[in-house]
Amino acid sequence: MAGRIPEQFIDQLMSRIDIIDIIGSRIQMKKQGQNYQALCPFHNEKTPSFVISPNKQIYHCFGCGAHGSAIRFLMEYDNLEFPEVIEELAKSIGMELPALQQGHAKPKISSDLYEITEFCSKFFQKSLRDNGDQNVAVRYLKQRDVSGEVAARFAIGYAPPGWDNITSQLRSQQKELIECGMAIEKESGGCYDRFRDRLMFPIRDRRGRIIAFGGRVMNDELPKYLNSPETPIFHKGRELYGLYEATQQNRRLENILVVEGYMDVVALAQFDINNAVATLGTSTSKDHIERIFKHTEEVVFCFDGDKAGKAAAWRALENTLFAMHKGRQAKFLFVDEGDDPDTMVRRIGTEQFKELIKSAQPLSHFLFHSLLNDCDIGTLDGRSRFLEKCKPLLQQIPKGSYLDLLLEELSKLTHLKLGDADKLKSLIFSSRGKQESQPLKPKAKNVGSEQQKSPIRSAIAFMMHKPSLASYITAPDVYLSLNLPGGDLFVEMIKYLHANPNAHMGLILEHWRGSEYGSALAKLATFNHMIPDDGIEAQFDGVLRQLESALASHEITMLERKMHQGIMTLEEQQRWLQLISKVNQLKSTKKL
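Residue numbers (this note's numbering): 1 to 592.
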């Protein structure tokens with residue numbers, strides 16, 4: 001349920017952390033009665049609608065609907081993956097993370113690799129400071145108008161000439177130096193420094209740890225840029241240079257500007273444009289796009305206006321289509337010929353460059369006008385060719401308002417009548433596959449898809465809000481005989497709460513994270529959210545009466561079958577009469 005980390009460890013962790021401490025260390029909040037209130041960190045608001053419950057160990061925003069446990073908060077707020085959050089929380093309270101369970105678990109990465117890259121970064125920064133203006137790297141940065149403040153923010157350094165500046169200092173860790181890409185192994189044994197006489201740009205992960213480097217020459221020598229190789233801690237197709245630094249300047253960015261080089265990112269920051277990131281010598285990938293949209297709802301791709309820049313922009317477009325939903329936007333800005341973002345911002349200044357970002361052409365414009373280049377839509381054949389070129393691209397876009405607007409624009413470009421919109425949609429998506437047009441089968445055991453007020457659904461929600469209610473039921477297995485949707489989860493939860501009497505809602509959510517019930521329970525966490533405790537018991541009692549009535553009716557049905565077959569015993573006749581009386585009594589009881 002919790003991936004490869006043992007469930008018991010997560011339960012112990014959740015029982016020892018306090019959501020108030022975790023959220024309170026990141027945002028300002030104010031006590032309101034038993035709960036705390038704050039401005040929601042996940043959307044812009046002026047009136048606090050973000051509520052944190054210390055009793056239930058959950059948070060909920062009544063504005064945007066964000067909710068969950070302390071773990072979910074850290075995943076969303078700090079943009080960490082689940083295992084990273086567990087590791088951080090465990091360290092914060094002195095718990096040792098257990099070995100991962102067997103299976104497809106990745107090998108444990110030694111913290112020595114991060115320590116080595118951090119050591120190298122400090123060495124490079126010191127090398128940059130040594131000899132002051134006599135240092136070739138310092139002179140280069142000054143020529144590029146990079147201030148000491150910006151150089152320090154990006155931890156820019158200098159790898160001096162020589163083959164063993166790093167390796168001579170870490171002789172006992174040569175294996176680790178090779179593993180993290182800072183040294184190259186010799187055929188004769190030993191190793192030598194990978195980076196020499198280069199300006200060094202540390203690459204950080206989302207937690208701020210240095211995972212790799214980019215090295216730039218300060219003359220015409222090739223290769224101009226030399227990046228760290230793929231290592232256990234660095235995967236260049238997923239990382240973005242400058243993203244960590246950008247989020248340190250503004251946690252929720254209005255947009256993110258994707259440029260091509262390290263110096264573009266640094267130069268833009270020098271001109272107070274602090275939202276630029278760069279890919280690491282690769283095309284913009286889907287992993288890059290997913291990471292960007294965790295921090296903003298708008299991405300602006302800034303490339304050269306030449307043929308190579310247009311090709312890079314098109315690859316970025318293709319890898320962005322799958323993510324165009326939920327109000328997200330993608331734009332394209334092409335710099336003047338002979339310019340790059342670095343030189344252009346110096347030439348036109350900050351304000352004008354920001355205006356260019358605002359007026360960048362939207363994805364729809366770049367998409368359609370790029371495809372129109374070799375299609376004469378004034379002819380029937382040209383329109384057909386244009387539609388066929390659009391088809392595989394539009395099929396990648398999730399269904400929703402953005403896709404509908406694109407189709408509307410497409411119908412205008414191809415001069416279709418308004419009434420032909422459905423025909424166009426059918427034409428575009430005819431090859432998505434038969435499964436696309438067939439109604440989806442309901443997910444098995446999805447308790448969240450049942451009727452709003454089903455007894456099982458209500459009972460589970462009530463126990464999530466007040467786990468002590470599970471003590472009212474001493475023999476939960478009897479409810480399995482009803483074969484009600486969600487009944488197995490109901491019984492499983494009762495047993496879990498019997499074994500963990502001090503559990504709270506946050507712990508319950510994390511216990512079932514990743515299971516078939518995870519998403520349904522997350523929805524039920526908002527059911528009658530923050531309902532007063534003194535009202536839950538009466539409502540839970542009413543739900544139990546309904547379930548008792550269902551159990552009694554089920555048993556009556558079974559006994560009446562025996563009666564019709566003539567095999568009912570005297571004891572079973574007495575039991576049948578008792579059940580009839582019980583059902584009548586339950587029906588006459590006023591429902592709460």
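Note that CB positions come from ideal geometry on N, CA and C, so glycine has one too.
Let me check one thing: in DSSP terms, what residues is Thr231 bridge-paired to?
DSSP lists Phe234 as partners of Thr231.
Can you find the residues in the same chain that come closer than 6 Å, C-beta to C-beta, to Leu243, ignoring five residues on each side of it along the sequence?
Beyond the five residues adjoining it in sequence on each side, Leu243 comes within less than 6 Å, by CB distance, of Val277 in the same chain, given in chain order.
Does the beta-carbon of Trp599 have 16 or more other beta-carbons within 10 angstroms, so that it is buried, or is it exposed?
There is simply no residue 599 to check, as the chain begins at 1 and stops at 592 in what is shown.
Using three-state DSSP, classify Leu257 as helix, strand or coil.
Strand, per DSSP.
If Gln57 and Ile19 are in contact, beta carbons under 8 Å, what's the gap, nearest whole angstrom?
Sure, about 5 Å apart at Cβ, within 8 Å.
I think Leu413 touches Phe368, with their Cβ atoms under 8 Å apart; what is that distance to the nearest whole Å?
At roughly 6 Å, the Cβ-Cβ gap stays under 8 Å, so Leu413 and Phe368 are in contact.
Go to Met464, then tell me how far its alpha helix (DSSP H) extends in each direction, as first and last residue.
Its alpha helix (DSSP H) spans residues Pro455 to His465.
Taking 7 Å as the cut-off, decide whether the C-beta atoms of Asn319 and Lys294 are in contact.
Going by C-beta atoms, Asn319 is not nearer than 7 Å to Lys294.
Integer-rounded CB distance, given that Tyr77 should sit under 8 Å from Ser127:
Contact between Ser127 and Tyr77 is ruled out by a C-beta separation of about 36 Å, above the 8 Å threshold.
Look at the alpha carbon of Asn446 and the alpha carbon of Val85, and state the distance between them as a whole number of angstroms.
Annotation note: pLDDT 48 at Asn446 (below 50); position unreliable, coordinate value reported separately. So the alpha carbons of these two residues sit roughly 27 Å apart.
Leu410: first and last residue of the uninterrupted alpha helix (DSSP H) it sits in
Looking at the DSSP string, the run of the alpha helix (DSSP H) that includes Leu410 is Ser401 to Leu413.
Where in the stretch 463–542 do unbroken runs of the alpha helix (DSSP H), each at least 4 residues long, occur, reported from the N-terminal end onward?
List check, alpha helix (DSSP H) in window: 487–499, 505–511 and 518–524.
Between Arg238 and the rest of its own chain, which residues show a CB-CB distance below 8 Å, the 5 nearest in sequence each way excluded?
Contacts found: Ser285, Asp287, His288 and Arg291.
My parser needs the beta strand (DSSP E) runs of 3 or more residues fully inside the stretch 35–78; what are they?
Runs of the beta strand (DSSP E) inside the stretch 35–78: 35–38, 50–53 and 58–61.
Evaluate Ile567 with the Cβ neighbour count: other Cβ atoms within 10 Å of its Cβ, from every protein chain shown; 16 or more gives buried, anything less gives exposed.
Around the Cβ of Ile567, a 10 Å sphere holds fewer than 16 other Cβ atoms; the residue is exposed.
From Gln578 to Thr569, what does the alpha carbon distance come to, in whole angstroms?
If you take the alpha carbons of Gln578 and Thr569, they lie about 14 Å apart.
Phe271, DSSP secondary structure in three states:
Here DSSP, grouped into helix, strand and coil, assigns Phe271 to coil.
DSSP-derived helix/strand/coil call for Asp11
Here Asp11 carries a helix assignment [DSSP, helix/strand/coil].
Taking the alpha helix (DSSP H) that Ala151 falls in, what are its first and last residues?
Its alpha helix (DSSP H) spans residues Gly148 to Arg153.
Beta-carbon gap between Glu185 and Asp112 smaller than 7 Å
Taking 7 Å as the Cβ cut-off, Glu185 and Asp112 do not qualify as a contacting pair.
Taking C-alpha atoms, which residue in Gln34, His60 and Ile17 lies nearest to Thr526?
Out of Gln34, His60 and Ile17, the CA that lies nearest to the CA of Thr526 is found in His60.
Is the CB-CB distance between Pro467 and Ala503 below 7 Å?
It is a contact, given that the beta carbons lie within the stated cut-off.
Give me the residue from Leu469, Val300, Gln248 and Lys326 with the minimum Cα distance to Glu260.
Taking only the C-alpha atoms, the option nearest Glu260 is Val300.
Excluding five sequence neighbours on each side, which residues of the same chain lie with their C-beta closer than 6 Å to the C-beta of Asn165?
Taking Asn165 as the centre and dropping the five residues before and after it, the same chain places the C-beta of Asp193 closer than 6 Å to its C-beta, in chain order.
Are the Cβ atoms of Gln396 and Leu321 separated by less than 7 Å?
Yes, the pair counts as a contact, with Cβ atoms nearer than the cut-off.
Comparing alpha-carbon positions, which option in Leu469, Ala269, Thr167 and Thr474 lies nearest Cys120?
The residue with the shortest Cα to Cα distance from Cys120 is Thr167.
Quick one: grab the DSSP three-state call for Ile5.
In this structure, Ile5 counts as coil in the three-state DSSP scheme.
Measuring alpha carbon to alpha carbon, tell me which residue in Leu363, Arg385 and Leu380 is nearest Leu372.
When only C-alpha atoms are compared, the closest one is Arg385.
Which residues bound the alpha helix (DSSP H) around Ile178?
Looking at the DSSP string, the run of the alpha helix (DSSP H) that includes Ile178 is Gln174 to Glu179.
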